[in-house]
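In the numbering used here, the protein residues as written are 4 to 229. Ideal placement from N, C-alpha and C gives every residue a C-beta, glycine not left out.
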């Protein structure tokens with residue numbers, strides 16, 4: 004089974020227990036065979052430094068086409084972290100699914116999400132320009148820019164799992180991977196984002212970078228941006 008067919012089978016096939024075990028076994032076999040998944044594991048291509056070059060690209064999601072299926076969260080975590088765990092996905096769907104970005108307190112009155120206008124509001128890393136808050140607070144200087152895409156990338160060889168970057172991101176787009184004890188974020192799969200490739204509605208696209216810091220509401224008001 005090819006790499007692409009393996010991931011396609013995960014997100015498209017009806018899953019029962021037998022098929023789940025079969026797919027799980029196939030995934031284990033691919034791992035055991037040493038298949039290198041783009042973005043999975045350690046990243047040594049990071050250009051770290053005090054001043055990061057601007058990102059060339061970013062992920063953009065058309066919320067009018069997002070159905071909230073959350074396949075992107077699954078494919079992201081499997082492809083990049085080696086296991087299905089939406090909590091460490093680089094794209095966030097679930098937390099806005101019911102009430103939108105303003106949570107149940109305000110989102111209910113704004114009429115967003117499944118409990119409002121049925122419009123799902125996905126969130127992706129906006130690949131900040133300077134100051135890059137997550138990079139600035141990292142004591143290991145482990146966050147840099149990818150040489151080709153400019154994405155803000157975590158060098159897992161240098162990351163010690165302190166969680167400073169998690170607390171620093173105003174949009175809460177970084178998560179700790181409990182399996183590897185390292186921080187995880189979207190790096191756009193180094194220019195070939197699997198969430199976009201596998202979205203059944205074509206809602207996700209890789210586009211030229213533009214400043215969207217004002218478009219995405221801040222979630223962590225105690226971050227260094229405050």
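Exercise for review: Check residue 207 in the structure and name its three-state DSSP category.
Suggested key: strand
Practice item. Give the secondary structure of residue 148 by DSSP, where H, G and I count as helix, E and B as strand, and everything else as coil. Key: strand
Practice item. Quickly, what does DSSP pair residue 157 with across the bridge? List them, please. Key: 146
Review point. So, helix, strand or coil for residue 163, using DSSP?
Key: coil
Practice item. Flag this pair as yes or no: are the beta carbons of residue 193 and residue 132 separated by less than 8 Å? Key: no
Review point. What number of angstroms, rounded off, separates the C-alpha of residue 114 from the C-alpha of residue 103?
Key: CA-to-CA, the gap between residue 114 and residue 103 works out to about 8 Å.
Review point. Is the Cβ-Cβ distance between residue 55 and residue 148 less than 8 Å?
Key: yes
Check your understanding: Is the beta carbon of residue 129 less than 8 Å from the beta carbon of residue 222?
Key -> no
Check your understanding: How should residue 205 be labelled, buried or exposed, when 16 other C-beta atoms within 10 angstroms of its C-beta is the threshold for buried?
Key -> It counts as exposed.
Check your understanding: Looking only at C-alpha atoms, which of 155, 143, 153 sits nearest to residue 166?
Key -> Nearest of 155, 143, 153 to residue 166, Cα basis: 143.
Point to revise | Residue ranges of each beta strand (DSSP E) within the segment 162-195, 3 or longer | key: 178-180, 185-187
Practice item. Determine the closest residue to residue 140 out of 217, 122, 170, with distance taken between C-alpha atoms. Key: Among 217, 122, 170, the Cα nearest to that of residue 140 belongs to 170.
Exercise for review: Compute the distance between the beta-carbons of residue 94 and residue 198, then report whether it is under 8 Å.
Suggested key: yes
Practice item. Classify residue 223 as helix, strand or coil using the three-state DSSP reduction. Key: coil
Point to revise | Which of helix, strand or coil DSSP assigns to residue 126 | key: strand
Exercise for review: State yes or no: is the beta carbon of residue 212 nearer than 8 Å to at least one beta carbon in chain B?
Suggested key: The structure shown contains no chain B; it is built from a single protein chain.
**Study point:** Residues sharing a beta bridge with residue 61, DSSP
**Key:** In the DSSP output, where bridge partners are listed per residue, residue 61 has 210.
Check your understanding: Of the choices 189, 146, 161, 119, whose alpha-carbon is the least far from that of residue 91?
Key -> 189
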